[in-house]
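Below: the structure, in structure tokens.
Protein chains: 2
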Amino acid sequence: MIRHGLGERRIIEIIMSLQERMPGNPIPFGDDVSAVRIGGNRLAVLKCDMLVGMTDLPRGMSLWQASRKAVISTISDLAAKGVRPQAILASLGLPRSLSERDIREIGSGLNSGAREYGAYVLGGDTNESKDLVIDVSAFGSCSEEEIIRRDTANVGDKVAVTGDFGLTALGLRIIEEGLKVPRRLMVEATSAIFMPRARLREGLALAKHHLATASIDSSDGLAWSLYELAESSGVGFEIEHLPIHNLVKEYALKAGLDAAELALYGGEEYELIVTMKPAALKRSRKLGALKYIGSVTGEEGRVTLRSESGVCEIERKGYEHLKRDSQPQLT
Amino acid sequence: MIRHGLGERRIIEIIMSLQERMPGNPIPFGDDVSAVRIGGNRLAVLKCDMLVGMTDLPRGMSLWQASRKAVISTISDLAAKGVRPQAILASLGLPRSLSERDIREIGSGLNSGAREYGAYVLGGDTNESKDLVIDVSAFGSCSEEEIIRRDTANVGDKVAVTGDFGLTALGLRIIEEGLKVPRRLMVEATSAIFMPRARLREGLALAKHHLATASIDSSDGLAWSLYELAESSGVGFEIEHLPIHNLVKEYALKAGLDAAELALYGGEEYELIVTMKPAALKRSRKLGALKYIGSVTGEEGRVTLRSESGVCEIERKGYEHLKRDSQPQLT
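Residue numbers (my numbering), protein chains in the order written: chain A, 16 to 346; chain B, 16 to 346.
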């Protein structure tokens, strides 16, 4: 039996430690994407991301939405690097209970996810499996100067995000626990779960104009992703403004919930968290989308939140996959 | 419930029919790999292939062997196109019953499979799932003139293979049913299951010297792959010499088994089936590895076997995944 303490992070460490390293690998192990040099200063950029029905599918999510989301989630990692996705492959593990109509939904959702971002589904593989599995691979290419890495944030940089957080944490509680919220919040929060978007336009603009020093996709949750970004770059972050969605803030106040908690530990939000030189942050204001949230510090691996009551450590806690039964989970 | 008649082929058709086509796609849908133009007459070549524990893991196969085989099976598709694999990504669905030692075996098997063929595992994704899932994505690049497609065989070409068939069919029966066979055959047949090889050297040589007009990997079984190749190219094949492994032939004769059946419907053999102009076949003899088995005919989609007793149709039957329980399977 897996030890409860092993966890996804340790599993990834173990597997990574056993892989012989490619000499001159242009993007280090553990970044959002992998890359290979293909000549003329160009990189082939690769990413795979697996959706498993048991842990990743909230109640009420259609197969169309699930397969679309599997694509969006993979594209989001390319977006964080400023790389345009060109091709998508999808490996499917299909339970035998699926009908022809189910298969159509899956096929159509894959196509939609890809086409929304200008990519095409070029192929894949199908298998029978006990649980629905949708593994999406994405390919794009870019110049080596443009790709935005995870390990290149500098002390003194500013930290910014492409949007607000907290909707998915509420959305999951609405869907899974029947939490009652005002109608507008209900629509926004469940849309954040069922119909997420990837920040490709923003990522491409950041890369093209060399505005970001480092970047990460926030799908593992704001807090977790901040830690990952800080640790990869050997820096710390002091967050001044938590990017909490207005509707979440408003509702949390009335319902007696902790809005900061909802924003920090929600997950699957597909916003980008970027670091930028202060001048670049000013220039990026024209892009409209970026929100300043804090600064890069020299305190390696420390992520703090400054508020009126002082500075406190943000807990290094990630988004956890759905827990539908009582046994311990890998993540 | 899935209709018994739906089958993997129909599922792939449905999903493919729902994908918008990439304009100027250099490799048509349904070939062994997918490809994207990356400038300068170069193609990025992509393939994903999923191994599912329930259907793909024979008894007695270690996790090291399983993860290595998942890589080999993906590389085999690139080999069939004459493309050198450079990067491997692996998405893992891991049952929670796996121990740290199991995870190490999987990580180490992935690395071995990749390094045997000069590629590196650059990244991946891990998830919890009910069944073991290893989805391997491979990337390579090549020139557009060199890649060997599936739809370009011509009437009058010769058909050749890179090796003999029949060992895996016996190997599975040895492993799953306890079939008793002579020692040497036992070793060869079980090795074919547990430690398969991809024909990368042969595929690269065929591409480099422009020796093949078309090619396919035989992992779905000799008969099935012949049909796929013939149909893609709009031709037929007349097979004269079934490439049956000597030990299989010898044993089948003694045991009263049908050696042709074992060779035609075994599957997971990872040999290449290629078509070549007659002159190229002669030239290729220097390469040593290729065996002439028949000729390309104008009878579209017809695959026949010529023997002393006349010409008969080869049944269009594929390799079926393991059937461990009584319910109907997708494939």
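Cβ coordinates follow ideal geometry from the N, Cα and C atoms, glycine included.
Inter-residue CB distance, residue i and residue j (contact presumed, cutoff 8 Å)
{"i": "residue 215 of chain B", "j": "residue 135 of chain B", "result": "Actually they do not touch by this definition, with Cβ atoms about 15 Å apart."}
{"i": "residue 60 of chain A", "j": "residue 152 of chain A", "result": "Incorrect: roughly 11 Å between the Cβ atoms, too far for contact."}
{"i": "residue 31 of chain B", "j": "residue 45 of chain B", "result": "7 Å"}
{"i": "residue 167 of chain B", "j": "residue 229 of chain B", "result": "5 Å"}
{"i": "residue 146 of chain A", "j": "residue 146 of chain B", "result": "7 Å"}
{"i": "residue 312 of chain A", "j": "residue 227 of chain A", "result": "Not a contact, Cβ separation roughly 18 Å."}
{"i": "residue 319 of chain A", "j": "residue 253 of chain A", "result": "5 Å"}
Residue environment, residue i, which counts as buried when at least 16 other CB atoms sit within 10 Å
{"i": "residue 107 of chain A", "result": "buried"}
{"i": "residue 327 of chain B", "result": "exposed"}
{"i": "residue 261 of chain A", "result": "exposed"}
{"i": "residue 75 of chain A", "result": "exposed"}
{"i": "residue 193 of chain B", "result": "exposed"}
{"i": "residue 338 of chain B", "result": "Note that residue 338 of chain B has pLDDT 46, beneath the 50 cutoff, so the model's placement of it is unreliable and the number below is only indicative. The residue is exposed, with fewer than 16 neighbouring Cβ atoms inside 10 Å."}
{"i": "residue 100 of chain A", "result": "buried"}
{"i": "residue 36 of chain A", "result": "exposed"}
{"i": "residue 83 of chain B", "result": "buried"}
{"i": "residue 278 of chain A", "result": "buried"}
{"i": "residue 38 of chain B", "result": "exposed"}
{"i": "residue 56 of chain A", "result": "exposed"}
{"i": "residue 389 of chain B", "result": "Residue 389 of chain B falls outside the range modelled here, since chain B spans only 16 to 346, and no answer is possible."}
{"i": "residue 245 of chain B", "result": "buried"}
{"i": "residue 268 of chain A", "result": "exposed"}
{"i": "residue 330 of chain A", "result": "exposed"}
{"i": "residue 206 of chain A", "result": "exposed"}
{"i": "residue 179 of chain A", "result": "buried"}
{"i": "residue 158 of chain A", "result": "exposed"}
{"i": "residue 275 of chain B", "result": "buried"}
Three-state secondary structure assigned by DSSP to residue i
{"i": "residue 16 of chain B", "result": "Bear in mind that a pLDDT of 31 at residue 16 of chain B, under 50, signals an unreliable position, so the model cannot answer this."}
{"i": "residue 100 of chain B", "result": "strand"}
{"i": "residue 6 of chain B", "result": "Outside the shown range of chain B (16 to 346) lies residue 6 of chain B, about which nothing can therefore be said."}
{"i": "residue 91 of chain A", "result": "helix"}
{"i": "residue 284 of chain B", "result": "coil"}
{"i": "residue 231 of chain B", "result": "strand"}
{"i": "residue 132 of chain B", "result": "coil"}
{"i": "residue 264 of chain A", "result": "helix"}
{"i": "residue 250 of chain A", "result": "coil"}
{"i": "residue 177 of chain B", "result": "coil"}
{"i": "residue 259 of chain B", "result": "strand"}
{"i": "residue 168 of chain B", "result": "coil"}
{"i": "residue 338 of chain A", "result": "The predicted model places residue 338 of chain A with a pLDDT of 47, which falls under 50 and marks its position as unreliable; any figure quoted below should be read in that light. Of the three classes helix, strand and coil, the one that applies to residue 338 of chain A here is coil, per DSSP."}
{"i": "residue 106 of chain B", "result": "strand"}
{"i": "residue 62 of chain B", "result": "strand"}
{"i": "residue 116 of chain A", "result": "helix"}
{"i": "residue 83 of chain A", "result": "helix"}
Residue closest to residue i, alpha-carbon to alpha-carbon, out of the options
{"i": "residue 247 of chain B", "options": "B:83, B:280, B:100 and B:47", "result": "B:47"}
{"i": "residue 225 of chain A", "options": "A:293, A:267, A:264 and A:265", "result": "A:293"}
{"i": "residue 58 of chain B", "options": "B:163, B:150, B:82 and B:210", "result": "B:163"}
{"i": "residue 149 of chain A", "options": "B:63, B:202 and B:207", "result": "B:63"}
{"i": "residue 258 of chain B", "options": "B:198, B:269, B:118 and B:237", "result": "B:237"}
{"i": "residue 235 of chain B", "options": "B:333, B:116, B:290 and B:43", "result": "B:333"}
{"i": "residue 42 of chain B", "options": "A:185, A:130, A:96 and A:138", "result": "A:138"}
{"i": "residue 123 of chain A", "options": "B:178, B:34 and B:123", "result": "B:34"}
{"i": "residue 316 of chain B", "options": "B:242, B:173, B:141 and B:56", "result": "B:242"}
{"i": "residue 322 of chain A", "options": "A:309, A:88 and A:269", "result": "A:309"}
{"i": "residue 201 of chain A", "options": "A:182, A:95 and A:212", "result": "A:182"}
{"i": "residue 98 of chain B", "options": "B:313, B:301, B:287 and B:81", "result": "B:287"}
{"i": "residue 93 of chain A", "options": "A:329, A:222 and A:199", "result": "A:222"}
{"i": "residue 71 of chain B", "options": "A:53, A:110, A:161 and A:144", "result": "A:144"}
{"i": "residue 130 of chain B", "options": "B:191, B:103 and B:275", "result": "B:103"}
{"i": "residue 25 of chain B", "options": "A:127, A:116, A:87 and A:295", "result": "A:116"}
{"i": "residue 86 of chain A", "options": "A:185, A:209, A:251 and A:307", "result": "A:209"}
Where the beta strand (DSSP E) containing residue i begins and where it ends
{"i": "residue 202 of chain B", "result": "Counting along the chain, residue 202 of chain B falls outside any beta strand (DSSP E), though it belongs to the alpha helix (DSSP H) covering 198-209."}
{"i": "residue 50 of chain A", "result": "49-52"}
{"i": "residue 135 of chain B", "result": "135-143"}
{"i": "residue 320 of chain B", "result": "318-322"}
{"i": "residue 312 of chain A", "result": "306-312"}
{"i": "residue 223 of chain B", "result": "Residue 223 of chain B -> not in any beta strand (DSSP E); alpha helix (DSSP H) instead, spanning 215-223."}
{"i": "residue 153 of chain B", "result": "148-158"}
{"i": "residue 328 of chain B", "result": "325-328"}
Residue i - containing alpha helix (DSSP H), residue span
{"i": "residue 29 of chain B", "result": "22-32"}
{"i": "residue 188 of chain B", "result": "182-192"}
{"i": "residue 71 of chain A", "result": "68-71"}
{"i": "residue 277 of chain A", "result": "274-279"}
Cβ-heavy atom distance, residue i to the ligand GDP, below 7 Å
{"i": "residue 289 of chain B", "result": "Inclusion of the ligand GDP in the displayed structure is not the case, the ligand content being empty and no account of it being possible."}
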